[in-house]
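Just so we're aligned, residue 1 is where the sequence shown starts under the working numbering, counting upward by one.
The beta-carbon is built from N, C-alpha and C at its ideal position, and this holds for glycine as well.
Data first, discussion second: the structure below is written as structure tokens.
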Amino acid sequence: MQISDLIQQARRLTRQKQPAGVSLVHLAASPYIMANAARYHFFRNSIAELATAHAADLHDLGRSRLCLVAADAAGIAHLALRRLLELETEAWNDGRSVDDILEGFRLPDQYMELRERLDVLERAGRHGADDGDAAARPVLEDRLAGPLTPALLARIEDRLDGIDLAPFVRRQAVYRRGEEWEVAYTEHFTSLDGLKVALFPEVELRPDEPLFFELCRHLDRLMLLALLLNRPWRQQRIGLNLGHAAWATEEFRRLLDRLDAAERGRLTIELHWMDALRDQAAGGAAMAEMRAAGIRIAIDRIGIESLPLLNLDRLEADHLKLVFDKGRLPLLLEPAHLGALRRCRTDRVVLTQCDDPLALSLGQQLGITHYQGWLIDRLAREAVPAEERRVA
1 MQISDLIQQA RRLTRQKQPA GVSLVHLAAS PYIMANAARY HFFRNSIAEL ATAHAADLHD
61 LGRSRLCLVA ADAAGIAHLA LRRLLELETE AWNDGRSVDD ILEGFRLPDQ YMELRERLDV
121 LERAGRHGAD DGDAAARPVL EDRLAGPLTP ALLARIEDRL DGIDLAPFVR RQAVYRRGEE
181 WEVAYTEHFT SLDGLKVALF PEVELRPDEP LFFELCRHLD RLMLLALLLN RPWRQQRIGL
241 NLGHAAWATE EFRRLLDRLD AAERGRLTIE LHWMDALRDQ AAGGAAMAEM RAAGIRIAID
301 RIGIESLPLL NLDRLEADHL KLVFDKGRLP LLLEPAHLGA LRRCRTDRVV LTQCDDPLAL
361 SLGQQLGITH YQGWLIDRLA REAVPAEERR VA
């Protein structure tokens, strides 16, 4: 939004004598907030969530500056915004106060003060300055290419922070087989391949490098923030595929704090089986915290080849997701692999990548009731009458 447009909105509210509060948030004034892209994104989306909760308009004025306009005579939205920033300042270490980044104006009484302040910001913008709020930053070459380095990762994170993540979020249902196919929950995950093609196709990614895991953790943070804003678990059961590095993030802490008991009961966290084993070896604190919060746990990507090496019954999880693609099925001809699978409680097992009729038939013979894969998606759609599909 242009500052001139905000001035017009403030003038209109003043002429209509509608009580309103205008809050200017200068995120760039805090070195703590601007230290990295993930932290900036965390604050920005926290403010967006607050604006939604108070039915306020949130405008991006550029230069890491936000404006919140609320039809609020008592200034409740501004006070809530101040409390949010005061809560986070416990971690600030630069000596700045909330007043350095937050300004409040009441309309219609303080229209002239607001107008004068906006005029100053607009003039500073025209001259390319940032009115002393933050040091000028060098303009980097826009092209992203080459091996992943810390500097390149920071630029990728900045680019990710400026996009709408929704087109890159993939969803696939986990089905329960009863008299018909029923959705147990819907897994949500970010398509890194899709993001790479769209945003940084020339960057070389190696899945075994620490910087790659840091990139995945940043994507998990963005996913958590998007879900906190949209809160899909209000209406449906969802599964969230998270790497172990995401468990210690501020965003995950906020997720646990913000959900009520009913919402937690509709959420399943999916963990890679190696991450689950690491947590168990360290005492199982992360998984225990999730269970105590009422969140369901699924252990993901267990290969048939690993079955003889794992004591699956000792993994305290609601679901064990076993990769059941056609290429791995011959392993079940070996007694050790088939015996390990038979010892599992069938109501805990989910057969994923179950995209071949042979895999589905074998799973049903073993008494397994939960499946995931494009074949199951198609069978579930075909089971719905055509007229119901048209209505949906």
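(message) For the beta strand (DSSP E) containing Ser64, name the first residue and the last one.
(response) Ser64 -> no beta strand (DSSP E), and no H or E assigned at all.
(message) Within the continuous beta strand (DSSP E) that includes Ala20, where are the two ends?
(response) Ala20 to His26
(request) Have a look at Leu332 and His188 and give me their C-alpha separation to the nearest angstrom. (result) 30 angstroms
(request) Reducing DSSP to helix, strand and coil, say where Tyr111 ends up. (result) Of the three classes helix, strand and coil, the one that applies to Tyr111 here is helix, per DSSP.
(message) Short of 7 angstroms in beta carbon distance, which residues of its chain neighbour Lys17, apart from the five on each side in sequence? Order them along the chain.
(response) Pro108
(request) Report buried or exposed for Ala251, applying the criterion of at least 16 other Cβ atoms within 10 angstroms of its Cβ. (result) Looking at the sequence shown, residue 251 is not Ala but Glu. Buried, because 16 or more other Cβ atoms sit within 10 Å of the Cβ of Glu251.
(message) Taking the alpha carbon of Gly146 as the reference point, which residue from Arg170, Leu192, Val174 and Phe200 has its own alpha carbon closest?
(response) Phe200
(request) Check each candidate in Arg343, Asp279, Leu277 and Glu289 and name the one with the smallest Cα separation from Pro308. (result) Arg343
(request) Would you identify the three-state DSSP class for Glu305, choosing helix, strand or coil? (result) helix
(message) Please classify Lys326 as buried or exposed, where buried requires at least 16 neighbouring CB atoms within 10 angstroms.
(response) Around the beta carbon of Lys326, fewer than 16 other beta carbons sit within 10 angstroms, so the residue counts as exposed.
(message) Is the beta carbon of Ile238 closer than 8 angstroms to that of Ile269?
(response) no
(request) Using beta-carbon positions only, say whether Val98 and His370 come within less than 8 angstroms of one another. (result) no
(message) Tell me which residue opens and which closes the beta strand (DSSP E) that Val98 is part of.
(response) Per DSSP, Val98 belongs to no beta strand (DSSP E) and is neither H nor E.
(message) At a cut-off of 7 angstroms, would you count Asp208 as near the ligand SAH, judging by its Cβ distance to the nearest heavy atom?
(response) Looking for the ligand SAH in the displayed structure turns up nothing, as the structure carries no ligands at all.
(message) Could you give the first and the last residue of the continuous beta strand (DSSP E) run that contains Gln172?
(response) In the DSSP annotation of this structure, the continuous segment of the beta strand (DSSP E) that includes Gln172 starts and ends at Val169 to Arg177.
(message) Here's a check: name, in chain order, each residue in its chain whose Cβ is nearer than 7 angstroms to the Cβ of Pro138, leaving out the five neighbours to either side.
(response) Residue placement at Pro138 cannot be trusted, given a pLDDT of 35 that sits under 50; the coordinates are not used to answer.
(request) Can you have a look at Glu382 and say buried or exposed, based on whether 16 or more other CB atoms are within 10 angstroms of its CB? (result) exposed
(message) To the nearest angstrom, how far is the alpha carbon of Glu202 from that of Leu152?
(response) 11 angstroms
(request) Starting from Trp273, follow the alpha helix (DSSP H) in both directions and report where the run begins and ends. (result) Trp273 to Ala281
(request) Would you give the residue range spanned by the beta strand (DSSP E) that Leu351 belongs to? (result) Val349 to Thr352
(request) From the DSSP output, read off the bridge partner residues of Thr296. (result) The amino acid at residue 296 is misidentified as Thr; the sequence shows Arg. Arg296 pairs with Thr268.
(request) Work out the CA separation of Thr249 and Leu222 for me, nearest whole Å. (result) Looking at the two C-alpha atoms, the distance is approximately 11 angstroms.
(message) For the structure I just gave you, are there three or more beta carbon pairs, one from the stretch 346 to 355 and one from the stretch 306 to 324, closer than 8 angstroms?
(response) yes
(request) Consult DSSP for Val139 and reduce its assignment to one of helix, strand or coil. (result) In this prediction, Val139 scores a pLDDT of 37, lower than 50, which makes its location untrustworthy; the coordinate-derived value is nonetheless stated afterwards. Coil at Val139, not helix or strand.
(request) Select from Leu79, Arg176, Ile101 and Leu6 the residue whose C-alpha is nearest the C-alpha of Leu58. (result) Leu6
(request) Compute the distance between the beta-carbons of Ser191 and Phe213, then report whether it is under 8 angstroms. (result) no
(request) Within 10 angstroms of the Cβ of Glu86, are there 16 or more other Cβ atoms? Answer buried if so, exposed if not. (result) Glu86 is exposed by the Cβ-count criterion.
(message) Helix, strand or coil for Ala48? Go by DSSP, reduced to three states.
(response) helix
(request) Name the residue from Ser361, Gln372, Arg328 and His26 whose alpha carbon lies nearest to the alpha carbon of Glu305. (result) Arg328
(request) List the endpoints of the continuous beta strand (DSSP E) containing Thr186. (result) Its beta strand (DSSP E) spans residues Trp181 to Thr190.
(message) Please state the DSSP three-state secondary structure of Lys321.
(response) In the structure shown, Lys321 sits in a strand (DSSP, three-state: E or B).
(message) Quick check on the burial criterion: 16 or more other C-beta atoms within 10 angstroms. Buried or exposed for Ala53?
(response) exposed
(request) For the beta strand (DSSP E) holding Ile238, just list the boundary residues, first then last. (result) Ile238 to Asn241
(message) Per DSSP, what are the beta-bridge partners of Ala70 in this structure?
(response) Gly21
(message) Please report the straight-line C-alpha distance between Pro31 and Asp193, rounded to a whole angstrom.
(response) 33 angstroms
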